[in-house]
Amino acid sequence: MNEHLREALELVARGVPVLPLREGKGPFGNCPACAKNQCGGRPNMKSAGTCACPRPCHGWAAASSSADVVTSAAWAAAWQRAGAVAYHPGGAGVTVVDLDNADAVAWARDALPPTRTVATTRGEHWIYLGTMQSANGVRPGVDIKSLMAYARWLGPGEGQMIRLPETVTALPRYLVPAGAVASSPVPRATWTRAVASGCRHTERYVRTGLDKGVAMVTGHREQGAASQAFGVARFLGSLHQECPGPCGLETLGGEIVAAAVSVGVPEAYAVRAVDRGFTEAGIPVPSTQMA
Ligand SMILES: [Zn+2]
Ligand SMILES: [Zn+2]
Ligand SMILES: [Zn+2]
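For the sequence shown, position 148 matches number 148 in UniProt numbering, and the numbering has no gaps at all.
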């Protein structure tokens, strides 16, 4: 039995859904019947279909914790050519914060509570108990892999796994610019017309409002800055009530969060203030799923 399959079966024995990865560490391509999703996709996919293909088609959606499926003839060819083993973190009840490089790891050590960590080629996986929506690039070099995603299995890692903290569940909500830390200048603005294809305002109008809002937040310290962040989010959110969207509010929100963080407001607290501001303006806050 090959090494990858043996490893996969150890995971299956612990109830973890697994799938084989190619030499290039990506999922295997779909079989001809599933090519270009012409089968309609599997029932567990976002656009649910009725595909019951026995092969490991459709990436994470094929992940299985059944030893019968994993050792089936339909998966055998993939295992023979596999370059790695992956698992479906959401299916295993966990969330992987995938830190791609040393800078991302340094950020996590500063910003996130310690949990189980696994070394990767250039960075680390931080694994928390509980699931949430997956999202790529929530920060430079940082991806969230949980529901509808796969992560490479690189061993059990070290340390005690803790429950998914709000500092992680809040991350995909706002795109906080890199370098948002206390007592630093607010990082360069990132909101552009490109992230707001459904906004009826001009870029200049939105930027001017945002710059004023950021100045109001950074003109205060700590507690005062958090309530300013709330007020600014409520005001900026209200400007977009009539827009068809998207208006890039996760980017606007991220800049308000960064402004509050720069004057000493803890990030999770700043995120909550912006959440409340957008909510009062009638702007839905993207929900996170806990399980
Ligand atoms: Zn297929
Ligand atoms: Zn299919
Ligand atoms: Zn708008």
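From the three backbone atoms N, C-alpha and C, an ideal C-beta is built for every residue, glycine too.
Boundaries (first-last residue) of the alpha helix (DSSP H) holding residue i
i    : result
G209 : 203-218
I127 : First-last for I127: 124-129, but that is the beta strand (DSSP E), not the alpha helix (DSSP H).
V118 : Here V118 belongs to no alpha helix (DSSP H); instead the beta strand (DSSP E) covers 116-119.
V181 : No alpha helix (DSSP H) contains V181, which DSSP labels as neither H nor E.
I256 : 249-262
A48  : A48 -> no alpha helix (DSSP H), and no H or E assigned at all.
L11  : 3-13
L236 : 222-239
G277 : 267-280
V70  : 67-70
DSSP bridge partner residues for residue i (one or two, in chain order)
i    : result
V94  : L129
A151 : Y87
D143 : D98
L21  : P27, A84
R163 : L129
S64  : V18
A158 : Residue identity differs from the one stated: residue 158 is Glu in this sequence, not Ala. T117.
Whole-angstrom C-beta distance between residue j and residue i, which should lie under 8 Å
i    : j    : result
A258 : V176 : 5 Å
A260 : A215 : That pair is no contact at about 12 Å.
T50  : G40  : 6 Å
A196 : G264 : At roughly 29 Å, the Cβ-Cβ gap does not stay under 8 Å, so A196 and G264 are not in contact.
E267 : A106 : At roughly 15 Å, the Cβ-Cβ gap does not stay under 8 Å, so E267 and A106 are not in contact.
I256 : G198 : Contact doesn't hold; Cβ gap of about 20 Å is too wide.
G157 : V118 : 3 Å
S64  : P17  : 6 Å
R6   : A86  : The Cβ separation is near 15 Å, so there is no contact.
L99  : V142 : 6 Å
G254 : L236 : Contact doesn't hold; Cβ gap of about 12 Å is too wide.
V274 : A233 : 4 Å
H4   : A135 : Contact flag wrong, Cβ pair sits at about 28 Å.
A150 : L19  : Rather than Ala, the amino acid found at residue 150 in this sequence is Tyr. Their Cβ separation, rounded to whole angstroms, is 6 Å, which keeps Y150 and L19 in contact under 8 Å.
L11  : A67  : Incorrect: roughly 10 Å between the Cβ atoms, too far for contact.
Nearest to residue i (by Cα), restricted to the options the options
i    : options                : result
R139 : V206, T131, A108       : A108
A77  : V94, P54, G93, G91     : P54
R272 : M148, Q38, Y150, R173  : R173
C243 : R14, A233, R200, G219  : R200
G179 : G219, P246, G91, A104  : A104
C57  : K46, W75, T169         : W75
A281 : G231, G123, G248, G130 : G231
T279 : Q241, G90, H88         : Q241
G123 : N101, M161, T131       : N101
R22  : A82, G224, A92         : A82
T192 : Y205, A13, P27         : Y205
M148 : V96, G157, T117, G141  : V96
Y128 : P27, A48, Y269, S146   : S146
N2   : V16, G209, G137, W79   : W79
P113 : V142, C247, R163, V69  : R163
N44  : G90, G24, A225, G15    : G90
R116 : A135, Q160, G253       : Q160
N37  : A61, P20, K25          : A61
V94  : R276, L239, A270, H125 : H125
Q133 : R207, L171, L154, T120 : L171
T131 : L9, A92, G155, K25     : A92
A13  : G29, C34, A48, T71     : T71
First through last residue of the beta strand (DSSP E) which encompasses residue i
i    : result
V138 : 135-139
- Heavy atoms of ligand 3 versus C-beta positions, residues under 5 Å: C199, H240, C243, C247
- Query: Which residues count as close to ligand 1 when the rule is a CB under 6 Å from any of its heavy atoms, in chain order?
  - Reply: N30, C31, A33, C34, C53, R55, C57
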